[in-house]
Amino acid sequence: MQIAQISDDLGYESYQISVYLCPMEQLLQQIDAYKKEVAAFEGATPDAAEEFRIKYLGTKGIVKNSMGEMRKVPNDRKKEFGQLLNDFKLFVEDKYETLKRTNSQLPTPNSQLIDLSLPGDAVAVGTRHPLNIVRNQVVAIFRRLGFAVAEGPEIEDDWHNFGAMNLPEDHPARDMQDTFYINQLPSWLLRTHTSSVQARVMETQKPPIRVICPGRVYRNETISARAHCFFHQVEGLSIDENVSFADLKQTLYFFVQEMFGKDVKVRFRPSYFPFTEPSAEMDISCLICGGDGCNICKHTGWVEILGSGMVHPNVLDNFGIDSNKYTGFAFGMGVERITQLKYQVNDLRLYSQNDVRFLKQFTGVV
Ligand code: PHE
Numbered sequence: 005m006q007i008a009q010i011s012d013d014l015g016y017e018s019y020q021i022s023v024y025l026c027p028m029e030q031l032l033q034q035i036d037a038y039k040k041e042v043a044a045f046e047g048a049t050p051d052a053a054e055e056f057r058i059k060y061l062g063t064k065g066i067v068k069n070s071m072g073e074m075r076k077v078p079n080d081r082k083k084e085f086g087q088l089l090n091d092f093k094l095f096v097e098d099k100y101e102t103l104k105r106t107n108s109q110l111p112t113p114n115s116q117l118i119d120l121s122l123p124g125d126a127v128a129v130g131t132r133h134p135l136n137i138v139r140n141q142v143v144a145i146f147r148r149l150g151f152a153v154a155e156g157p158e159i160e161d162d163w164h165n166f167g168a169m170n171l172p173e174d175h176p177a178r179d180m181q182d183t184f185y186i187n188q189l190p191s192w193l194l195r196t197h198t199s200s201v202q203a204r205v206m207e208t209q210k211p212p213i214r215v216i217c218p219g220r221v222y223r224n225e226t227i228s229a230r231a232h233c234f235f236h237q238v239e240g241l242s243i244d245e246n247v248s249f250a251d252l253k254q255t256l257y258f259f260v261q262e263m264f265g266k267d268v269k270v271r272f273r274p275s276y277f278p279f280t281e282p283s284a285e286m287d288i289s290c291l292i293c294g295g296d297g298c299n300i301c302k303h304t305g306w307v308e309i310l311g312s313g314m315v316h317p318n319v320l321d322n323f324g325i326d327s328n329k330y331t332g333f334a335f336g337m338g339v340e341r342i343t344q345l346k347y348q349v350n351d352l353r354l355y356s357q358n359d360v361r362f363l364k365q366f367t368g369v370v
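Using our numbering, read the sequence shown as starting at 5 and increasing by one per residue.
Structure below.
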């Protein structure tokens, strides 16, 4: 017989006599009640799931406690109750897994505080580097004239950079292109021009050849507003039967007009390069001052933009190209200089300082 003390609403104490239940029946009823409670448990937050775990599965939780009741069960019913309690435990564990799963699909508590109607944080969009923008423009112009793009290694051997280009050891013209050498391997260097790529093309291909070679090159220069220890070039090479200086000029006129517009004036000045004969440097009228004279054009009204010439027969012979049958022209320009004129950049160091105030001015330019 169980007597429980209860209070009614008025505060009077009274006694209620409940029906007698043996401990096993009590346990059965209790577990039944717990099961209903568990089934009805709702909690869509990680906190609620944790609360559930502590209440039912914790070391002092309901499942453990109920298991403890086993000692009251007589031996002949232990198996039956053992099964029952085990089922109860599995039932609770199953519920706990479901709660956890539901929670993992929910946003975290913090994100529940986010107001999705607010405008988002702007994502800064990167820009192409101005030198890459201009290199791509140069490449696109020559591709329209049928030039293919060729690339090669920046660490080069002496032969491809100098020897094959008619610049034998001790040639004074090497002084104009001093570079970085590797002590342990003196015949390896950082290429001084992408003519080395032209060398590699002549080595592997037969005329007709029409290539442009964009890439980074190195020179041993003191860093200043006008010079750096590396810069970028696009060099070009065209070899075929009957290629003449007129082809060279026409190709380069076309390039200048496409790059800088129809009003720009062009002039050629005789020059010297060991790998071309005759050689010429090409100037365009200064885009900064319109030819009136300024710092950029050193008050001459003209700016040099590239070197060029007819490929020296020695160079063709170096690669087994018959110089009696084939002729060719070559040219090479610095991308930094073209970019300077196109976008009026007056200090070369800006290109490699990674200053976003400079770089972001090219946002949207392709
Ligand atoms: N290779 C030369 C330089 O880097 C440029 C050039 C290329 C000149 C082809 C003439 C012909 O200075």
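For every residue, glycine included, the Cβ atom is placed at its ideal position computed from N, Cα and C.
All values derive from a computational prediction rather than experimental measurement.
Give the DSSP bridge partners of residue i, in chain order.
| i | result |
| --- | --- |
| T331 | D244 |
| P218 | V238 |
| G36 | It should be pointed out that residue 36 corresponds to Asp in this sequence rather than to Gly. According to DSSP, which records beta bridges pairwise, D36 is partnered with nothing at all. |
| M286 | F272, L310 |
| D161 | W192 |
| T280 | F277, V315 |
| A168 | Partner(s): none; A168 has no beta bridge. |
| A2 | A question about residue 2 goes unanswered here, because the residues of the chain that appear run from 5 up to 370. |
Pick from the options: whose alpha carbon is nearest that of residue i?
| i | options | result |
| --- | --- | --- |
| V270 | P282, T280, F279, L256 | L256 |
| E46 | Y100, N69, F323, D179 | Y100 |
| K39 | H164, G305, M263, E97 | E97 |
| Q1 | S70, K93, A177 | Since the first residue of the chain shown is 5 and the last is 370, residue 1 is not available in this structure. |
| N107 | L122, A48, L88 | A48 |
| P282 | E262, C298, S312 | S312 |
| Q344 | N299, T304, G368, I159 | N299 |
| R220 | N170, Q87, F234 | F234 |
| G324 | V205, M286, M337 | V205 |
| R353 | F259, M286, E225, C293 | E225 |
| A177 | N187, Y330, T196 | T196 |
| F279 | P317, D91, V260, S242 | P317 |
| P78 | L94, L120, P27, G65 | P27 |
Is residue i near ligand 1, judged by its Cβ being under 7 Å from some heavy atom?
| i | result |
| --- | --- |
| F323 | no |
| A334 | yes |
| S312 | yes |
| F259 | no |
| E239 | yes |
| S228 | no |
| H316 | no |
| S199 | yes |
| F277 | yes |
| T280 | yes |
| S121 | no |
| S283 | yes |
Counting contacts by CB-CB distance shorter than 8 Å, is residue i in contact with chain D?
| i | result |
| --- | --- |
| L32 | The chain labelled as chain D is not found in the depicted structure, where only one protein chain is given. |
Measure how close the beta-carbons of residue i and residue j come, nearest whole angstrom, since I'm counting them as under 8 Å.
| i | j | result |
| --- | --- | --- |
| V370 | I137 | 7 Å |
| A284 | V315 | No, A284 and V315 are not in contact; Cβ-Cβ is about 13 Å, not under 8 Å. |
| P4 | V143 | Only positions 5 to 370 of the chain appear in the structure, and residue 4 is not among them; the question remains open. |
| H232 | S356 | 7 Å |
| E239 | I213 | So it is not a contact: roughly 13 Å between Cβ atoms. |
| A37 | L103 | In fact, because the Cβ distance is near 20 Å, the residues do not count as touching under 8 Å. |
| L135 | E262 | So it is not a contact: roughly 18 Å between Cβ atoms. |
| Y222 | T198 | At roughly 11 Å, the Cβ-Cβ gap does not stay under 8 Å, so Y222 and T198 are not in contact. |
| F264 | I288 | 6 Å |
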